[in-house]
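A short write-up of the structure that comes next.
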Amino acid sequence: MPPLHRVPFARAARMAALPAVLALGVALAGPFSASARAAVAIEGTFTARAECPGYQSFNAGTNPGMVVLTPGTVYGAFEINRPDGAWIRLRVPGAEPLERWVARECGRLQLYDRGPETSDTTAPVDPGADPASGDLQVTPLPAPGETADLDATPEAAPAARPGDPPPDLLTTLTTGTLISRSSTAYPWYFDRIDRGADDPTPPPPMLGEVDADVLELCGDWGAPVARGAFEGFLEARPGLRASLLATLQTDDVTKLVDAWFAEGGFRHIFCGEPDQRDGSRWKLGGMHYMGRYAQAQLNGWAGRLEGGCAIEETAPPIYTAGTQFRAPDGSTGIKCINGYALGLTASDILFEVTKAYRDSRTTLSSGTGACRARILDNGNAYEAVFVVRSDAIVTFYPDATPDESLRYCAE
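The sequence shown maps to residues -38 to -1, 1 to 373 in mature numbering (1 follows the signal peptide of the UniProt record, and there is no 0).
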């Protein structure tokens, strides 16, 4: 049993009720009546992603023993604070009392579906799923243009009529994900054609509430991201904010925001910067988040560059290849090496980067440099490169073949 970590933490977090957000392929429940907001018994596990505090009462912010979760540890989960709740009740070995509440965004929740005919089988549930809905199966994200119910019996398509527009292969999947469609058709990053172990175009990713909110922060292709918008994002998610502050080992939210925005790290990592120039050539800065790749595909902002680049690596969950993208002047830009880790959600990246930043403050005492971060995600172990400048986050990207001369951030 891993030892309990103890870190200074004195912030009382009270989770505000949030409207349900329809994310890419994940249907979330709407508002519930007051009677439905009682705690709901669940059966499952919770895999911690960060050193998040375990509260006896999350409303009061009480945490006897200053208990925090151990990243990578799987805990038994038995209660959620309400059907659409943001707090999960766990059993934390060694804690007194044993049962603690943690922010849902601090890790991965897996519920067990025990239907009448499948009582002995289990199925993972997306963290954004509503446990009171009765549908505990993961809802896959259809590929672009694939908007029908995947479980429904296919119906014959109506015959085209004279004057009908051609089929739209970039149909929006959810409200808010289609922003400014490009007329250029780029090769897709994701599809549902299985080409084997080296398939460079995996199935579309599953995204949840935090992913949808991060994509909203990113906005249109090439749009700036306001520091105040990120502060509002954290304010609307006190559980996530408290967990990130615990990871950074501070109570000062300004330090957290400074770390992500002083050198533009948030926009660079999550959104991409198609407005960068290298002489007369447009270049794409960053974009190492799978959700932005999915959104770029839907909107026609960018796509795979098939051929023409010396480096292309498919080492799932890491996908590295060339990218072609829409430049600000309407031309097409090219970036030969770009990549993301499939399965690493927005919450995951926020925690992993904040942790790497915290660790690097010891390893890279000057506040400028690069180091390697060890990532363990859904059983996949790999490394990412983290770069800091002037004591602020610059970039973070997965690397299947990292430079071994770089020190580890957590040395």
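Beta carbons are placed, not taken as given, at the ideal position from N, Cα and C, and that holds for glycine. Note that the coordinates shown come from a computational prediction; the quantities given were computed from them, not determined experimentally.
Under a three-way DSSP split, which group does residue i fall into?
i	result
Tyr255	helix
Asn21	coil
Ile42	strand
Ala362	coil
Tyr148	coil
Pro15	strand
Arg66	helix
Asp182	coil
Asp240	strand
Arg203	helix
residue 407	The structure shown does not extend to residue 407, since the chain spans only -38 to 373, so no value can be given for it.
Val187	coil
Val54	coil
Ile4	strand
Ala159	coil
Ile308	In the sequence on display, residue 308 carries Ala and not Ile. Ala308 falls in the helix class under three-state DSSP.
Thr316	helix
Pro(-20)	With a pLDDT of 30 at Pro(-20), under the threshold of 50, the modelled position of that residue is not reliable, and the figure given next carries that caveat. Note: Pro(-20) maps to coil in three-state DSSP.
Ala372	coil
Thr9	strand
Ala303	strand
Return the CA-CA distance between residue i and residue j, expressed in angstroms with no decimal places.
i	j	result
Gly201	Leu218	15 Å
Phe358	Ala48	27 Å
Ala277	Asp353	31 Å
Leu237	Cys180	Before going on, a small fix: residue 237 reads as Asp here, not Leu. Rounded to whole angstroms, Asp237 to Cys180 spans 14 Å at the Cα level.
Gly227	Ala191	15 Å
Thr363	Arg44	44 Å
His230	Arg154	28 Å
Gly262	Ala3	43 Å
Phe40	Tyr148	45 Å
Gly56	Pro33	16 Å
Glu193	Thr7	31 Å
Arg51	Ala258	37 Å
Tyr255	Met249	8 Å
Leu304	Ile337	12 Å
Ser367	Thr35	29 Å
Arg157	Pro167	17 Å
Phe348	Gly341	21 Å
residue 397	Leu73	The structure shown does not extend to residue 397, since the chain is modelled only from -38 to 373, so the question has no answer here.
Ser328	Ala(-1)	50 Å
Leu169	Arg199	17 Å
Are residue i and residue j closer than 7 Å when you measure CB to CB?
i	j	result
Asp339	Cys371	no
Cys333	Thr325	yes
Glu235	Val356	no
Ala12	Phe195	no
Ala346	Ala335	yes
Thr285	Ala264	yes
Thr216	Thr316	no
Arg288	Tyr151	no
Lys297	Leu260	no
Ala308	Val172	yes
Let me check understanding here. Comparing Cα to Cα, which of the options lies closest to residue i?
i	options	result
Pro26	Trp63, Trp263 and Arg44	Trp63
Met252	Phe348, Ala22, Ala174 and Leu368	Ala174
Thr9	Gly262, Val29, Tyr17 and Leu71	Leu71
Gln211	Arg266, Ala318 and Arg243	Ala318
Asp160	Asp220, Thr7, Ala283 and Ala224	Ala283
Asp310	Glu67, Ala264, Asp214 and Ala343	Glu67
Ala176	Arg189, Arg336, Arg288 and Pro166	First, the residue type needs correcting, since residue 176 is Val and not Ala in the sequence shown. Ranking the options by Cα distance to Val176, first place goes to Arg189.
Pro186	Ser19, Thr294, Ile50 and Phe223	Phe223
Asp46	Leu31, Trp183 and Ala65	Ala65
Met28	Val36, Thr35 and Cys14	Cys14
Ala204	Glu5, Thr24 and Ala1	Thr24
Pro279	Leu306, Thr330, Lys297 and Gly247	Leu306
Gly16	Ile42, Glu61 and Gly38	Glu61
Tyr302	Ser327, Gly184 and Pro360	Pro360
Glu274	Asp182, Ile299 and Trp183	Ile299
Glu5	Gly38, Arg53, Val30 and Ser328	Gly38
Ala221	Val350, Val30 and Arg369	Val350
Leu206	Gly292, Leu31 and Ala(-1)	Leu31
Tyr281	Ser327, Pro164 and Trp244	Pro164
Gly292	Trp183, Cys233 and Asp213	Trp183
Which one or two residues does DSSP pair with residue i in a beta bridge?
i	result
Cys333	Phe348
Lys297	Thr285
Trp49	Ala65
Glu235	Gly247
Thr276	Tyr281
Ala354	Arg351
Asp339	Asn342
Thr324	Thr324 is not bridged to any residue.
Leu267	Gly284
Thr32	Answer by DSSP bridge pairing: none, since Thr32 is not bridged.
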